[in-house]
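Structure, as structure tokens:
Numbering (the numbering used here), first residue to last: 291 to 541.
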């Protein structure tokens with residue numbers, strides 16, 4: 291199955307596939323979704339047991355895959371599996387919406403395996419790019435996934451925020467993410483901000499660059515996270531403006 295939208299001609303925001311709020315037991319597999327002026331796949335709050343398999347999602351405007359639970363309704367999205375999916379080329383929207391491969395908001399019990407969220411390039415200098423963005427979520431498992439080559443004002447391979455906790459990353463890579471904004475841009479492989487009690491095993495983050503700082507693993511206000519057999523090499527940062535460069539860091 292192939293689903294295609296034209297970003298340059300569609301005047302309204304349209305998602306490639308939208309799973310409406312509260313639906314259960316849905317499988318989407320073996321397809322291509324391209325160039326929608328919205329998200330490639332959007333999963334609404336309260337959904338449960340959603341399976342995404344063998345999909346290629348490219349060149350969408352907002353997010354490749356958007357898992358949207360809500361705090362106000364108390365209806366998280368749960369029991370989602372994503373297997374053997376490739377998401378690339380998300381571009382963001384003119385200074386208002388970041389370019390994100392996989393966005394998870396208020397999700398729990400989600401398993402992502404053998405998937406790639408790479409080369410998402412923000413189209414505007416005011417936009418950030420993320421391979422994977424996770425906010426306020428619990429028990430998310432990533433096995434053998436890649437979030438590399440994302441490019442924006444600030445660029446992140448995997449970013450965990452908003453008290454995300456209890457997640458496990460095994461054999462994941464985040465390489466060559468490029469934060470290009472002069473003097474202040476950052477490029478991180480794995481980024482944790484107020485994210486707690488997460489586990490990283492056999493993960494690598496190399497050659498991430500930021501105009502002010504490039505880090506393999508960057509933690510801020512985060513506690514009780516565990517790292518085993520992880521590698522961070524050749525991450526660099528340099529400033530072309532008046533702001534002092536923080537340089538390159540492994541952790």
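Where a beta carbon is used, it is the ideal one built from N, C-alpha and C, also for glycine.
It should be emphasised that the depicted structure is a prediction, and the values quoted were computed from it without experimental measurement.
Helix, strand or coil: how does DSSP classify residue i here?
i           : result
residue 432 : strand
residue 451 : strand
residue 372 : strand
residue 381 : coil
residue 351 : coil
residue 518 : strand
residue 480 : strand
residue 443 : coil
residue 463 : strand
residue 305 : coil
residue 313 : coil
residue 359 : coil
residue 405 : coil
residue 510 : strand
Give the straight-line distance between the Cα atoms of residue i and residue j, rounded to the nearest whole angstrom.
i           : j           : result
residue 352 : residue 380 : 7 Å
residue 395 : residue 319 : 22 Å
residue 348 : residue 330 : 8 Å
residue 463 : residue 376 : 14 Å
residue 515 : residue 481 : 12 Å
residue 484 : residue 511 : 5 Å
residue 411 : residue 471 : 13 Å
residue 307 : residue 344 : 15 Å
residue 389 : residue 501 : 19 Å
residue 311 : residue 302 : 21 Å
residue 361 : residue 386 : 22 Å
Identify which residue in the options has its Cα closest to the Cα of residue i.
i           : options            : result
residue 509 : 448, 439, 338      : 448
residue 407 : 418, 472, 346, 502 : 346
residue 342 : 369, 446, 324      : 369
residue 313 : 324, 365, 326      : 365
residue 522 : 324, 465, 317, 419 : 465
residue 520 : 475, 461, 528, 501 : 461
residue 474 : 446, 527, 324      : 527
residue 309 : 325, 302, 326, 335 : 335
residue 326 : 382, 344, 401      : 382
residue 371 : 402, 457, 311      : 402
Keeping to the same chain, check which residues put their C-beta closer than 8 Å to that of residue i; ignore five residues upstream and five downstream.
i           : result
residue 409 : 378, 379, 438, 439, 440, 441
residue 404 : 373, 374, 433, 434, 435
residue 525 : 477, 479, 495, 496, 497, 498, 499, 504, 505, 506, 538, 539, 540
residue 455 : 428, 485, 486, 487, 488
Determine whether the beta carbon atoms of residue i and residue j lie at a separation below 9 Å.
i           : j           : result
residue 423 : residue 451 : yes
residue 355 : residue 392 : yes
residue 425 : residue 399 : no
residue 417 : residue 384 : yes
residue 328 : residue 304 : yes
residue 488 : residue 421 : no
residue 350 : residue 316 : no
residue 419 : residue 446 : yes
Which residues in the same chain have their Cβ closer than 6 Å to the Cβ of residue i, if we skip the five residues on either side of it in sequence?
i           : result
residue 459 : 432, 490, 493
residue 367 : 333, 337, 357, 359, 397
residue 518 : 491
residue 457 : 430, 488
For residue i, I'd like the list of residues in its chain whose CB is within less than 7 Å of its CB, leaving aside the five on either flank, ordered along the chain.
i           : result
residue 513 : 486
Is residue i a contact residue of the ligand HEM, with contact defined as CB to any heavy atom under 8 Å?
i           : result
residue 432 : This structure simply doesn't include the ligand HEM, nor any ligand for that matter.
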